[in-house]
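Trainee: Mind having a look at this structure? Questions to follow.
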Amino acid sequence: MLKHYLLIAIRNLLKYKTQSIVSIIGLAMGFTCFALATLWIRYEMTYDNFREGAERIFLVRNEDKNSKDGLSTVTPSPLAAYLQETFPEIEQAGNTRGGDFEFKYEGITHPSCIIDMDSALMKTFPVRLISGNTNFLLPDNKEIAITEELAEKLFGKENPIGKELMIYNEKRPVCAVVQSWGTHTNIPFDIIEANHQYAYWGALNWSTYIKVREGTDIKAFSKKLYEHTIKQDHTLLEHLVLTPITRLRYDHPIEEATVKFNHILLFALSGGLVILCSLFNYLTLFVSRIRMRGKEIALRKVCGSSDRHLMGLFSIEYLLTLLAAIFIGMLLIELILPTFRELSEIHTATNGIYLEAIFYSLFVAVLSFFISLFPIQYFRRQSLNAAIKGTEKGNGKNYFQKFFLVFQFIISIGFIFCTVVMIKQIHFLSHSDRVVERAGRASLVFSTKSSEASLREELKQIPMITTILPGNHNAFIPFTGKQYMTTKEWDEKPASANEIRLELIPSGEQICNYYNLKLLSGKMLKDDDQKDKVMINEAAVREFGWRDPIGKYFQKFDSTRLQVIGVIRDFCKESPTIPVKPIMFTVQEYYYSISSRGMLLFKFHEGQWPECKRRIDALIKEKHPEFTFYRLDSAEEEYDKFLQSENALIKLLDFVTVVCILISVFGIFSLITLNCEQRRREIAVRKVNGATARMIIRMFFKEYMLLLCLAACIALPVGYLIMKPWLENYVIQTEISAWIYPVLLICLIFIITLCISWRIWKAADRNPAEVIKSE
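Just remember that my numbering sits 278 ahead of the position in the sequence shown, which is counted from 1.
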């Protein structure tokens, strides 16, 4: 019996091969998107889950409105010991710092990742020693530990103990080989060095982790910690916040992933909608075929088939389609897996990815099958009754098919609308004059400030470089350092006002001209102006509550009065999702950097950055071996990194949108084909009664255009309601222009017209006598 059902199912799939292929490919793409997105989400949500007691480990941060996402990323070194002494709920506490860097071995530079660690942190994050000793944990010790992967990469089968690596221009001996934590962690490392503690509370350069005791009420403890205030060394720390280490990847992450977590969720939702679109498309066609097979169903019933057997027949055909879609989906995963790995940063074994993807696809397929059983059973009975009673109509209302066709239109129009708005927003962010000028701008940060003068002269000899900014300036993109000042007194201060914190930019006209910042009122601050003259931005004006800020005064912490002589238009120099903060421009001599690093800003000919960068790299390598590190950045490339998640999301949504459009277009074509076949007698009778082919085409065209307009009336307002809050996440926002709506609708009408015209014309042009004779 099963063999018979399979043969019948295969025969029907081949009979309607166009519709079957469209449905299978659409479902396969939906399964692929949804399975990979779900796998991606699970991977992001399981960072550091391998640690013992991971649910009790937290990162401690404090609220800071001037920091990204409102939480500071660094804390002072003494905080860990203070918390463990103050709060009995804490079992262990420690801090660390580190990140990506480069070291040299035998003259070859290697990219790597280093962290600082001491015995306190070792209790929270144990590291398994493979060989050597733990001297790398001793304070002020120069010895380091490396992972076995790095040891094998550098030394092969040689014993790495005692070998020396050149780190920050200093030879560091290897005293241990340890087991890596892998890449599925928020604290990756290749090298461990001693944690050099600094007892001053004002030095914020560490990440503080705690491990609470078992049975601790996390909610109550979080509230207790949040309400606790720390005053040490003239430093105030308050509103401490706990972030579970298992959620640190997506809950206010210290470093953003290539694709933000909420964008991954959108991708998963998109995959689910593609599955629904494909499923409804196939279900619509499947029900239409059931109706067309009414006589076959009646004949099988007369010959003794039970309801269970008939349901089994249709279920086998339906399941065969779903299984074929899963198989095609696995082939698609094989094709896109390298790109997916690069984008998602997932390093799971390939077999694990396939098994997980198959599991998610099977789950969705089984769920889809059971959801579809009710409409299949309902229309099977309806078709059987119509065939037995002889009441089947060729031009039935087809509400079921029309409903799901409208649903497909809604999904497709919604995807197109949202994608168009996203592309428009990203283009606006890339070209808005509210963002600091980036084209042809670059910065060079280097370790030895004493070499600045000679390096400046050497850079002037590079033909691609047009201008080098005089003086020493911090770059805006990427920012190379920030200074802040807090004021508690200012002119016209309301009684209820709090203190205001301003970011300091120790430059005036030079930096404004370099980044093309616009002066709104007053005059530009020059280097020879008096030290009490400053400029502020619009955000600072709003914070002070001034209507006319020119000539107004506010006080520094030492009671020095500063006078506002100019207002700069708000500008974006960070991620466009971060609100613009109050900024003060002051003369360069007034504030100075305690850093020993050198910093140069320069302009270069647009389009020549690769060659310019190559020349500078070669220059530094040849003439400045004293540099322990340097960083060379193009402002445009660094700003593009702020938008990398949005750009990745647009690429994903472009793919999903194309899939939805193809599913809808081929679904319409398939449905038109079946509809014309189902209504061939009606078309013939209309032609006999005088209807022309054009009139019949107009009848079908009107029907589908009404369905399209109905879908647009639903999809476009819903799309607006979705995209408006999304745009509000950005400081700089484009408009959802009115032209998008008619252009989108006209394009869809054109596509659908091309899709259905030929098929309807072919049906309408048939000889009615032959059609009626065949009936």
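Quick reminder that beta carbons are idealized off the backbone N, C-alpha and C, glycines included.
On a Cα-Cα basis, can you pick out the residue from Leu733, Thr745, Glu715 and Arg825 that is closest to Pro756?
Mentor: Glu715
Trainee: Taking CB distances under 9 Å as the criterion, tell me whether Glu426 reaches chain B.
Mentor: Within the model displayed, chain B is absent; a lone protein chain is all it includes.
Trainee: Helix, strand or coil for Gly377, going by three-state DSSP, please let me know.
Mentor: strand
Trainee: Looking at C-beta atoms only, is the number of pairs between the stretch 437-453 and the stretch 317-334 that lie closer than 8 Å three or more?
Mentor: no
Trainee: May I ask you to verify whether the stretch 889-900 touches the stretch 723-742, counting CB pairs closer than 8 Å and requiring at least 3?
Mentor: yes
Trainee: Give me, in chain order, the residues of the same chain whose beta-carbon lies closer than 6 Å to that of Arg334; leave out the 5 immediate sequence neighbours on both sides.
Mentor: So the qualifying residues of the chain are Lys489 and Val490.
Trainee: Identify whether Lys449 lies in helix, strand or coil by the three-state DSSP scheme.
Mentor: If DSSP states are grouped into helix, strand and coil, Lys449 belongs with the strands.
Trainee: Of all the options Thr324, Glu322 and Pro356, which has the alpha carbon lying nearest to the alpha carbon of Val338?
Mentor: Nearest to Val338 by C-alpha distance, out of Thr324, Glu322 and Pro356, is Pro356.
Trainee: DSSP three-state call for Asn290: helix, strand or coil?
Mentor: Asn290 carries a helical assignment under DSSP once its states are collapsed to helix, strand and coil.
Trainee: Is Gly590 helix, strand or coil when you go by DSSP?
Mentor: In the structure shown, Gly590 sits in a helix (DSSP, three-state: H, G or I).
Trainee: Among Glu767, Asp511 and Asp848, which has the Cα closest to the Cα of Arg839?
Mentor: Glu767
Trainee: Quick one: is Gln686 buried, meaning 16 or more other Cβ sit within 10 Å of its Cβ, or exposed?
Mentor: Buried, since its Cβ has 16 or more Cβ neighbours within 10 Å.
Trainee: Over what stretch of residues does the beta strand (DSSP E) that includes Pro1003 continue unbroken?
Mentor: Not the beta strand (DSSP E): Pro1003 falls in the alpha helix (DSSP H), residues Ala971 to Leu1005.
Trainee: Would you report the Cα separation of Lys804 and Arg847, rounded to the nearest angstrom?
Mentor: 17 Å
Trainee: To the nearest angstrom, how far is the alpha carbon of Ser871 from that of Thr765?
Mentor: Note that Ser871 scores a pLDDT of 46, beneath 50, so its modelled location is shaky; the value from the coordinates is reported in the next line. Computed Cα separation, rounded: 20 Å.
Trainee: Would you please state the rounded distance, in angstroms, between the beta carbons of Phe724 and Arg875? I believe it to be under 8 Å.
Mentor: At roughly 7 Å, the Cβ-Cβ gap stays under 8 Å, so Phe724 and Arg875 are in contact.
Trainee: Report yes if the C-beta distance between Ile1030 and Val943 is below 9 Å; otherwise report no.
Mentor: Yes, the pair counts as a contact, with Cβ atoms nearer than the cut-off.
Trainee: For Leu988, which residues from the same chain have a beta carbon less than 7 Å from its beta carbon, with the 5 sequence-adjacent residues on both sides left out?
Mentor: Val684
Trainee: Considering just the uninterrupted stretch of the alpha helix (DSSP H) at Met323, what are its terminal residues?
Mentor: Run containing Met323: none; DSSP gives neither H nor E here.
Trainee: Measure from the alpha carbon of Met400 to the alpha carbon of each residue in Ala371, Thr425 and Ile424, then state which is nearest.
Mentor: Ala371
Trainee: Under the three-state reduction of DSSP, which class applies to Trp1039: helix, strand or coil?
Mentor: helix
Trainee: Taking three-plus beta-carbon pairs below 8 Å as touching, is the stretch 363-378 in contact with the stretch 491-505?
Mentor: yes
Trainee: Can you tell me whether Lys671 is buried or exposed, with buried defined as 16 or more other CB within 10 angstroms of its CB?
Mentor: Confidence at Lys671 is low in this model, with a pLDDT of 47, below 50, so the placement of that residue should be treated as unreliable; the coordinate-derived value is given next. Counting Cβ neighbours within 10 Å, Lys671 comes out exposed, since fewer than 16 surround it.
Trainee: Quick one: what does DSSP say Lys382 is sitting in, helix, strand or coil?
Mentor: strand
Trainee: Among Gly749, Val936 and Ala817, which has the Cα closest to the Cα of Gly786?
Mentor: Gly749
Trainee: Could you check whether Tyr487 and Cys414 sit closer than 9 Å to each other, using their CB atoms as the reference points?
Mentor: In the sequence under discussion, the amino acid at residue 414 is Phe, which differs from the Cys named in the question. The answer is no: Cβ separation not under 9 Å.
Trainee: Alpha helix (DSSP H) containing Tyr831: first to last residue?
Mentor: No alpha helix (DSSP H) holds Tyr831; the beta strand (DSSP E) holding it covers Tyr831 to Gln833.
Trainee: Compare the Cα-Cα distances from Met395 to each of Ile465, Lys435, Lys343 and Ser646 and report the closest residue.
Mentor: Comparing alpha carbon positions, the residue from Ile465, Lys435, Lys343 and Ser646 closest to Met395 is Ile465.
Trainee: Pick from Tyr528, Asp511 and Gln457: whose alpha carbon is nearest that of Leu482?
Mentor: When only C-alpha atoms are compared, the closest one is Asp511.
Trainee: Where does Cys391 sit, in a helix, a strand or coil, going by DSSP?
Mentor: strand
Trainee: If you check the beta carbons only, do Phe695 and Leu292 fall under 9 Å apart?
Mentor: no
Trainee: Going by DSSP, name the residue or residues bridged to Asp911.
Mentor: Ser721
Trainee: Distance check for Arg289 and Lys295, CA to CA, integer angstroms please.
Mentor: 10 Å
Trainee: Give the secondary structure of Gln370 by DSSP, where H, G and I count as helix, E and B as strand, and everything else as coil.
Mentor: Note: Gln370 maps to strand in three-state DSSP.
Trainee: Near Thr906, what residues of its chain come up, given a Cβ to Cβ distance below 6 Å and the 5 sequence neighbours on each side ignored?
Mentor: Tyr446, Asn447 and Ser725
Trainee: Going by DSSP, what residue range makes up the beta strand (DSSP E) through Met862?
Mentor: Ile861 to Phe863
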